[in-house]
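One line per chain: the protein sequences are A and B, in this order.
Here the first sequence is numbered in this note's numbering, starting from 1 and rising by one per residue.
Here the second sequence is numbered in this note's numbering, starting from 1 and rising by one per residue.
Positions of the beta carbon are idealized from the N, C-alpha and C atoms, including for glycine.
Okay, structure first, notes after.
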Amino acid sequence: GAVVSQHPSWVICKSGTSVKIECRSLDFQATTMFWYRQFPKQSLMLMATSNEGSKATYEQGVEKDKFLINHASLTLSTLTVTSAHPEDSSFYICSARDAGTSGGASTGELFFGEGSRLTVL
Amino acid sequence: AQSVTQLDSHVSVSEGTPVLLRCNYSSSYSPSLFWYVQHPNKGLQLLLKYTSAATLVKGINGFEAEFKKSETSFHLTKPSAHMSDAAEYFCVVSFNFGNEKLTFGTGTRLTIIP
């Protein structure tokens, strides 16, 4: 099946630094990707919807200047946590909707990455 | 507005016995419903989905779920639990008509007793 890869899977950083997390669709094109945040033993909360070639749509309460999202290509979206603080420590998960491969049909299915655990010291 | 409620935060069953994870939903429109599984420090894997076709949906690893509109439920079942089923399970709802936003339940942690 389709694969979504997130990198890095683990990252530890100092408070005040910025961290970039990548989300790649490996064998399909994704015009839309979603970023979620998951606190320990809690559910996933949608942070933003990332659309290729346009600005991301953020959910209410999510600071767009804090969590910068770029979706520059059909296979890559990035989430940058700027000036990270300990309260930003969390598990970040992306998902990508299958828009099809070049010349191929779209399945419309949604695939999730394996997540990136951010720890801010 | 759409919402989903997972009635049990933690379920423990013995290996080889049936599994029942409960989920109720609220949606103003015809919902699409999903069950996802998450193993520790891993992403989510789709178990099964309901999108207005057959009300009894069969998924991977022997899981199935039945959509009951009258009860607004989409409970997940498996006849015989296996140790590898121990994980977190999320019930998820989405609108039809192109709404791509998923609303997640709070999750149910399934523990399998040897």
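Hey, does residue i have any beta-carbon neighbour from chain A nearer than 9 Å?
i	result
Y89 (chain B)	no
L7 (chain B)	no
K58 (chain B)	no
L33 (chain B)	no
Y36 (chain B)	yes
L47 (chain B)	no
Does residue i pass the burial test, meaning 16 or more other C-beta atoms within 10 Å, or should it be called exposed?
i	result
E114 (chain A)	buried
D65 (chain A)	exposed
H39 (chain B)	exposed
S25 (chain A)	buried
A81 (chain B)	buried
L121 (chain A)	exposed
S116 (chain A)	buried
G50 (chain A)	The sequence shown places Ser at residue 50 (chain A), not Gly. Buried is the call here.
P31 (chain B)	buried
F39 (chain A)	exposed
L118 (chain A)	buried
I60 (chain B)	exposed
F3 (chain A)	In the sequence under discussion, the amino acid at residue 3 (chain A) is Val, which differs from the Phe named in the question. By the neighbour-count rule (16 or more Cβ atoms within 10 Å), V3 (chain A) is not buried but exposed.
L33 (chain B)	buried
Q60 (chain A)	exposed
T111 (chain B)	exposed
E109 (chain A)	exposed
L56 (chain B)	exposed
W35 (chain B)	buried
K55 (chain A)	exposed
Q124 (chain A)	A query on residue 124 (chain A) cannot be resolved here, the shown segment of chain A reaching from 1 to 121 and no further.
E15 (chain B)	exposed
M83 (chain B)	exposed
Could you tell me whether any Cβ in chain B is nearer than 9 Å to the Cβ of residue i?
i	result
K41 (chain A)	yes
Q6 (chain A)	yes
E114 (chain A)	yes
R117 (chain A)	yes
F34 (chain A)	yes
E22 (chain A)	no
L121 (chain A)	no
L74 (chain A)	no
L26 (chain A)	no
Name, please, each residue of chain E whose Cβ falls closer than 8 Å to the Cβ of residue i.
i	result
G43 (chain B)	The displayed structure is made up of protein chains A and B, and chain E is not among them.
Item checked: Complete runs of the alpha helix (DSSP H) confined to the region 61 to 97 of chain B [at least 4 residues] -> The region 61 to 97 of chain B contains no whole alpha helix (DSSP H) run of 4 or more residues.
Next item on the list: Identify each residue in the region 61 to 87 of chain B for which the Cβ-Cβ distance to at least one residue of chain A is less than 9 Å, and report them in chain order.
Entry: For the region 61 to 87 of chain B, which is checked against every Cβ of chain A, not one residue is closer than 9 Å.
Margin query: Assess contact between the region 3 to 11 of chain B and the region 73 to 92 of chain A, defined as three or more Cβ pairs (one per stretch) separated by less than 8 Å. Is contact present?
Written below: Contact fails: fewer than three Cβ-Cβ distances are below 8 Å.
Notebook entry, point to check: Between the region 77 to 101 of chain A and chain B, which residues of the former have CB atoms less than 7 Å from a CB of the latter, in chain order?
Noted result: Going along the region 77 to 101 of chain A in chain order, one finds I93, R97 with a Cβ nearer than 7 Å to chain B.
Check: Can we say the region 18 to 29 of chain B touches the region 83 to 94 of chain A, given the rule of at least three CB pairs closer than 8 Å?
Finding: A contact between stretches requires three or more CB pairs, one per stretch, nearer than 8 Å, and the region 18 to 29 of chain B fails this requirement with the region 83 to 94 of chain A.
Check: Any residues in the region 46 to 69 of chain A with a beta carbon nearer than 8 Å to a beta carbon of chain B? Which ones, in chain order?
Finding: The region 46 to 69 of chain A vs chain B, Cβ under 8 Å: L46, T49.
Check: What are the start and end residues of each continuous beta strand (DSSP E) run of 3 or more residues lying completely inside the region 10 to 92 of chain A, in chain order?
Finding: 10 to 13, 19 to 25, 32 to 38, 44 to 51, 67 to 73, 76 to 81, all fully within the region 10 to 92 of chain A.
Item checked: Within the region 6 to 63 of chain B, ranges of the beta strand (DSSP E) (whole runs, at least 3 residues) -> For the beta strand (DSSP E) assignment, the uninterrupted runs of no fewer than 3 residues enclosed by the region 6 to 63 of chain B are, from N- to C-terminal side, 10 to 14, 19 to 21, 23 to 26, 31 to 38, 44 to 50, 56 to 58.
Checklist line | Residues of the region 102 to 114 of chain B whose Cβ lies closer than 9 Å to any Cβ of chain A, in chain order | finding: Those would be L102, T103, F104, G105, T106, G107, R109, in chain order.
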